[in-house]
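Novice:
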Amino acid sequence: MNRVKAIPKWTWLIFLVVVFLIFPFFVKKEFYLHVMIMTFLFALLAASWNILGGFTGYVSFGHAVFFGLGAYSVAVLGKNFAVNPWLGSITGALVAIGLASIIAFPSFQTGLRAHYFAIATWAVGEVIRVIFMNWMYVGGATGIMIPLTEPSLLNYQYHTNKVPYYYIIFSFLVLEIVLIYFITKSRFGYYLRAIKGNEEAAENIGINTTLFKHLAYYLSATFVAIGGAFYAQYELYFDPPMVFHVGISMKMILPAILGGIGTICGPIIGAAIMIPLDQFLRAYLGGIGSGINFIIYGLLVLIVVVFKPKGIYEFIGNLFKKGKGEQ
Amino acid sequence: MSNGGKESLLEVRNLTKRFRGVIANQDINMEVNSGEIIGLIGPNGAGKTTLFNMITGTRPKGASRLPDSGAVYFKRVKITGMKPNSICKLGLVRTFQLVRIWEEMTVLENVMTGVFRAMRSAREARKKSEDLLKFTGLYTKLDYLGSSLTIADKKRLEITRALGTKPDLLLLDEPMAGLTTTEINEALELIRQIHDQGITVLLVEHVIEAVMSIAHRVVVLDNGQKIADDRPEKVARDKRVIEAYLGEEYHVKS
Numbered sequence: 244m245n246r247v248k249a250i251p252k253w254t255w256l257i258f259l260v261v262v263f264l265i266f267p268f269f270v271k272k273e274f275y276l277h278v279m280i281m282t283f284l285f286a287l288l289a290a291s292w293n294i295l296g297g298f299t300g301y302v303s304f305g306h307a308v309f310f311g312l313g314a315y316s317v318a319v320l321g322k323n324f325a326v327n328p329w330l331g332s333i334t335g336a337l338v339a340i341g342l343a344s345i346i347a348f349p350s351f352q353t354g355l356r357a358h359y360f361a362i363a364t365w366a367v368g369e370v371i372r373v374i375f376m377n378w379m380y381v382g383g384a385t386g387i388m389i390p391l392t393e394p395s396l397l398n399y400q401y402h403t404n405k406v407p408y409y410y411i412i413f414s415f416l417v418l419e420i421v422l423i424y425f426i427t428k429s430r431f432g433y434y435l436r437a438i439k440g441n442e443e444a445a446e447n448i449g450i451n452t453t454l455f456k457h458l459a460y461y462l463s464a465t466f467v468a469i470g471g472a473f474y475a476q477y478e479l480y481f482d483p484p485m486v487f488h489v490g491i492s493m494k495m496i497l498p499a500i501l502g503g504i505g506t507i508c509g510p511i512i513g514a515a516i517m518i519p520l521d522q523f524l525r526a527y528l529g530g531i532g533s534g535i536n537f538i539i540y541g542l543l544v545l546i547v548v549v550f551k552p553k554g555i556y557e558f559i560g561n562l563f564k565k566g567k568g569e570q
Numbered sequence: 019m020s021n022g023g024k025e026s027l028l029e030v031r032n033l034t035k036r037f038r039g040v041i042a043n044q045d046i047n048m049e050v051n052s053g054e055i056i057g058l059i060g061p062n063g064a065g066k067t068t069l070f071n072m073i074t075g076t077r078p079k080g081a082s083r084l085p086d087s088g089a090v091y092f093k094r095v096k097i098t099g100m101k102p103n104s105i106c107k108l109g110l111v112r113t114f115q116l117v118r119i120w121e122e123m124t125v126l127e128n129v130m131t132g133v134f135r136a137m138r139s140a141r142e143a144r145k146k147s148e149d150l151l152k153f154t155g156l157y158t159k160l161d162y163l164g165s166s167l168t169i170a171d172k173k174r175l176e177i178t179r180a181l182g183t184k185p186d187l188l189l190l191d192e193p194m195a196g197l198t199t200t201e202i203n204e205a206l207e208l209i210r211q212i213h214d215q216g217i218t219v220l221l222v223e224h225v226i227e228a229v230m231s232i233a234h235r236v237v238v239l240d241n242g243q244k245i246a247d248d249r250p251e252k253v254a255r256d257k258r259v260i261e262a263y264l265g266e267e268y269h270v271k272s
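Going down the list, the protein sequences come from chains A and B. At position 277 of the first sequence (counting the first as 1) the number is 520 in our numbering, and the numbers step up by one without a gap. At position 247 of the second sequence (counting the first as 1) the number is 265 in our numbering, and the numbers step up by one without a gap.
This is the structure:
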């Protein structure tokens, strides 16, 4: 069989990266930039969620909690201690890992199965949201503002100019995808998939499943917290429902399911479909539309689960594979 | 030790395991020496799988991995209560009665995951896995998804994956169940080849003829107790074994 189309996958990727890099030079409308930024952000979040939920098979319904902790860490540290937001982001990641370990130890050490783990994460997420709603030190229900400083990369804020935010979140996303790519090619990636496939078999083949579940969880939480910190610096004001709401967790899970759970590109493809849809629906429907976006997500996921259970990525992937001789 | 200069690899000492009222293993003593092929047989419910679980640290459903009393030693190290992954690292690995391969991974990826226990580099692991697949005869199916294999190939894959962890002792839980006669012969051939590589084998099997033809020694369990432990031809003539298990006299093929 001739393998004529061995290169296209890479050329397409490079082409896409170039298109995204020059996008802000051609599209000046703020709203479109905003849609792109949100798409990149949720692609990052969905890909992070996918490390644990997709590759390892441990579905978390409470990933918004790490998003919120990332956002609150930069905000609280910046407001009360004038800490640089980059340092705040790192702190946010550490706080997220801290909370993840509080959930992980009782769950993984006792061998809590995946579905109970899902419930546990959801419950913890809700508890944390309620705490932040009532915690006056962090602004309570009225929310918190990031102190305004000179717009610069060092200060991680640009006020009205969205272009730098566009490049920052795009870089984060590219970095994350590259890292995940290398993970899937490494021992770590194989181990995560083995845990998802059959945990007992993995354990018997010499894999310390507990350890690797911990690692996957912390890595996942870290990226989500970094995303949360970005969101805080981008919006410059937020309240607990904006960052801790279950809807945020859903916006990480649904793109992954839609695009293809446990694949590298799946969550990104999913986010590229769902987030613009969400933004445009909101823009055009305004106040009446609250909730309609979730109805449409539901329909989309339903269609995909029925016709392409492995997600849209599988469908696209098959198109590329046509050139390779299959038995 | 006393057994003809052979080194004892695995020792089970006074092992008892109860599930609520049921005694699955009662005061079991057995030994596996380096370089042996041991067959472990017994009627359904005799406690073979429980014994396997107790040796490898696999947790039986809804019960503790710890025995009620007694202990298991591997290379003189007490492994009772250790987790399977730590036991595997010492060089003891098992397969399962109902194959547990990773269906969503390819044949090669399945084996690589096992091989990663011994090496970190993906490139080396791939090479080593390809060699192992050539050895077990699955090389041509390297790209197949685990789920697409036949039962015989799935069992073969599970054994290949186990070999990837570089074991000294391989525990096979009914590797021939559900296979055709031809496939059984191929499986026996594979076990002989594995043994030739210097790996000790402990085999639970229902296909008695197969066990009798390959094992150096056969251990028989009945009702949780060990009732025989001897060379195959002797076990086949043992009154208690015939009564408890075979039902009728079994003749060993010469």
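Ideal placement from N, C-alpha and C gives every residue a C-beta, glycine not left out.
Are residue 216(B) and residue 43(B) closer than 7 Å when you measure CB to CB?
Specialist: Position 198 of the second sequence, counting from 1, holds the residue named residue 216(B). Position 25 of the second sequence, counting from 1, holds the residue named residue 43(B). For residue 216(B) and residue 43(B), no; Cβs fall outside 7 Å.
Novice: Out of 362(A), 387(A), 266(A), 397(A), state which residue places its alpha-carbon closest to the alpha-carbon of residue 327(A).
Specialist: The sequence position of residue 327(A) within the first sequence is 84, counting from 1. The shortest C-alpha to C-alpha distance from residue 327(A) to any of 362(A), 387(A), 266(A), 397(A) is the one to 397(A).
Novice: Would you report the Cα separation of residue 331(A) and residue 337(A), rounded to the nearest angstrom?
Specialist: Working through the first sequence from its first residue, we reach residue 331(A) at position 88. Working through the first sequence from its first residue, we reach residue 337(A) at position 94. Cα to Cα, the separation comes out at about 10 Å.
Novice: Excluding five sequence neighbours on each side, which residues of the same chain lie with their C-beta closer than 6 Å to the C-beta of residue 518(A)?
Specialist: For the purposes of this step, residue 518(A) is identified with residue 275 of the first sequence, where counting begins at 1. Excluding positions up to five away in sequence, the list reads 281, 282, 285.
Novice: Can you tell me the Cα-Cα spacing of residue 245(A) and residue 207(B), whole angstroms?
Specialist: Position 2 of the first sequence, counted from the start, is the residue given in the question as residue 245(A). Position 189 of the second sequence, counted from the start, is the residue given in the question as residue 207(B). With a pLDDT of only 47 at residue 245(A), under 50, the local geometry of the prediction cannot be trusted, and the value read off the model is given with reservation. Between residue 245(A) and residue 207(B), the C-alpha separation is close to 38 Å.
Novice: Is there contact here, the segment 354–363 of chain A with the segment 473–492 of chain A, by at least three beta-carbon pairs under 8 Å?
Specialist: Using a C-beta cut-off of 8 Å, the segment 354–363 of chain A makes no contact with the segment 473–492 of chain A, since fewer than three inter-stretch Cβ pairs fall below that distance.
Novice: For residue 210(B), return the contacting residues in chain A, with the cut-off set at a CB-CB distance below 7 Å.
Specialist: Mapped onto the second sequence, residue 210(B) falls at position 192. Per Cβ cutoff of 7 Å: no residues; residue 210(B) is ~23 Å from chain A at best.
Novice: Can you confirm whether the segment 122–141 of chain B touches the segment 65–82 of chain B when touching is taken to mean that 3 or more C-beta pairs between the two stretches lie within less than 8 Å?
Specialist: no
Novice: Excluding the five sequence neighbours on either side, which residues of its own chain have a C-beta within less than 8 Å of the C-beta of residue 38(B), listed in chain order?
Specialist: Residue numbering aside, residue 38(B) sits at position 20 when the second sequence is read from its first letter. Within the same chain, no residue comes within 8 Å of residue 38(B) by CB-CB distance, once the 5 residues on both sides are set aside.
Novice: Buried or exposed, going by whether 16 or more other CB atoms sit within 10 Å of the CB of residue 536(A)?
Specialist: On the first sequence, residue 536(A) is found 293 positions in, with the first residue counted as 1. The residue in question, residue 536(A), is buried, as its Cβ has 16 or more Cβ neighbours within 10 Å.
Novice: Does residue 245(B) come out as helix, strand or coil in the three-state DSSP assignment?
Specialist: As a first step, residue 245(B) is located in the second sequence; it is residue number 227 there, counting from the start. Reduced to three states, the DSSP call for residue 245(B) is strand.
Novice: Could you spell out the range, first to last residue, of the beta strand (DSSP E) harbouring residue 222(B)?
Specialist: Here residue 222(B) corresponds to residue number 204 of the second sequence, with the count starting at 1. Segment 218–222, the beta strand (DSSP E) holding residue 222(B).
Novice: For residue 159(B), name the three-state secondary structure that DSSP assigns.
Specialist: Looking up residue 159(B) in the second sequence gives position 141. Here DSSP, grouped into helix, strand and coil, assigns residue 159(B) to helix.
Novice: According to DSSP, simplified to helix, strand and coil, what is residue 114(B)?
Specialist: Locating residue 114(B) in the second sequence gives position 96, counting from the first residue. Coil, per DSSP.
Novice: Chain B partners of residue 433(A), CB-CB under 9 Å?
Specialist: Numbered from its first residue, the first sequence carries residue 433(A) at position 190. Result: 123, 127, 130, 131, 134, 140, 143.
Novice: What is the residue span of the alpha helix (DSSP H) that residue 523(A) lies within?
Specialist: Position 280 of the first sequence, counting from 1, holds the residue named residue 523(A). Secondary structure note for residue 523(A): its alpha helix (DSSP H) is the uninterrupted segment 509–528.
Novice: Within 7 Å (strictly less), CB to CB, does residue 447(A) reach chain B?
Specialist: Sequence index remark: in the first sequence, residue 447(A) carries index 204 (1-based). Chain B contact via Cβ: present.
Novice: Tell me whether the beta-carbon of residue 346(A) lies closer than 7 Å to the beta-carbon of residue 367(A).
Specialist: Here residue 346(A) is taken as the residue at index 103 of the first sequence, counted from 1. Here residue 367(A) is taken as the residue at index 124 of the first sequence, counted from 1. Yes. Within cutoff.
Novice: Would you call the segment 372–382 of chain A and the segment 482–499 of chain A touching, i.e. three or more CB-CB distances under 8 Å?
Specialist: yes
Novice: To which residues of the same chain is residue 406(A) closer than 6 Å at the C-beta, ignoring the five residues directly before and after it?
Specialist: Numbered from 1 along the first sequence, position 163 holds the residue referred to as residue 406(A). Answer for residue 406(A): 267, listed in chain order.
Novice: Quick check: the Cα distance between residue 419(A) and residue 382(A), rounded to an integer number of angstroms?
Specialist: Within the first sequence, the letter at position 176 stands for residue 419(A). Within the first sequence, the letter at position 139 stands for residue 382(A). Going by the C-alpha atoms only, they are around 32 Å apart.
Novice: Apart from the five residues just before and just after residue 388(A), which ones in its own chain have a Cβ nearer than 6 Å to its Cβ?
Specialist: The residue labelled residue 388(A) in the question sits at position 145 within the first sequence. Correct list, in chain order: 480.
Novice: Measuring CB to CB, does residue 118(B) end up less than 7 Å from residue 444(A)?
Specialist: Position 100 of the second sequence, counted from the first residue, corresponds to residue 118(B). Position 201 of the first sequence, counted from the first residue, corresponds to residue 444(A). Their beta carbons are under 7 Å apart, which means residue 118(B) touches residue 444(A) by this criterion.
Novice: Report yes or no: is there a C-beta of chain A within less than 7 Å of the C-beta of residue 83(B)?
Specialist: By one-based count along the second sequence, residue 83(B) stands at place 65. Taking Cβ atoms only, chain A never reaches closer than 7 Å to residue 83(B), which makes this a no.
Novice: Using only CA atoms, which one of 36(B), 41(B), 47(B), 40(B) lies nearest to residue 30(B)?
Specialist: Reading the second sequence from its first residue, position 12 is the one you call residue 30(B). The shortest Cα separation from residue 30(B) among 36(B), 41(B), 47(B), 40(B) belongs to 47(B).
Novice: Given that a residue counts as buried once 16 or more other Cβ atoms are within 10 Å of its Cβ, and exposed if not, what is residue 55(B)?
Specialist: In the second sequence, the residue the question calls residue 55(B) occupies position 37. Per the 10 Å Cβ criterion, buried.
Novice: Return the Cβ separation of residue 202(B) and residue 233(B) in integer angstroms, given the expectation that the two are a contact with Cβ distance under 8 Å.
Specialist: As a position in the second sequence, residue 202(B) is number 184, starting the count at 1. As a position in the second sequence, residue 233(B) is number 215, starting the count at 1. Contact flag wrong, Cβ pair sits at about 14 Å.
Novice: Starting from residue 62(B), follow the alpha helix (DSSP H) in both directions and report where the run begins and ends.
Specialist: Here residue 62(B) is taken as the residue at index 44 of the second sequence, counted from 1. It is not in any alpha helix (DSSP H) - residue 62(B) carries neither H nor E in the DSSP assignment.
Novice: Can you give the Cα-Cα distance for residue 317(A) and residue 468(A), rounded to whole angstroms?
Specialist: What you label residue 317(A) is simply residue 74 of the first sequence in a count that begins at 1. What you label residue 468(A) is simply residue 225 of the first sequence in a count that begins at 1. Looking at the two C-alpha atoms, the distance is approximately 10 Å.
Novice: When you compare only the Cα positions, how much space is there between residue 275(A) and residue 526(A)?
Specialist: Counting from 1 along the first sequence, the entry for residue 275(A) is found at position 32. Counting from 1 along the first sequence, the entry for residue 526(A) is found at position 283. Those two C-alpha atoms are separated by around 11 Å.
Novice: Residue 37(B) by DSSP, collapsed to three states: which one?
Specialist: The residue you call residue 37(B) lines up with position 19 of the second sequence. Residue 37(B) falls in the strand class under three-state DSSP.
Novice: Does the separation of the CB atoms of residue 180(B) and residue 111(B) fall below 7 Å?
Specialist: Taking the second sequence and counting its residues from 1, one reaches residue 180(B) at position 162. Taking the second sequence and counting its residues from 1, one reaches residue 111(B) at position 93. Going by C-beta atoms, residue 180(B) is nearer than 7 Å to residue 111(B).
Novice: In the segment 409–432 of chain A, which residues sit with their C-beta less than 7 Å from some C-beta in chain B, listed in chain order?
Specialist: 428, 429, 430
Novice: Run through the DSSP bridge pairs and tell me what residue 51(B) is partnered with.
Specialist: Looking up residue 51(B) in the second sequence gives position 33. Answer is 26(B).
Novice: For a quick check, are the C-beta atoms of residue 311(A) and residue 487(A) less than 7 Å apart?
Specialist: If you number the first sequence from 1, residue 311(A) lands on position 68. If you number the first sequence from 1, residue 487(A) lands on position 244. Yes, Cβ-Cβ distance for residue 311(A) and residue 487(A) is below 7 Å.
Novice: Can you name the residues of chain B whose CB is closer than 7 Å to the CB of residue 441(A)?
Specialist: Stepping through the first sequence from its first residue, residue 441(A) is reached at position 198. The answer, in chain order, is 118, 120.
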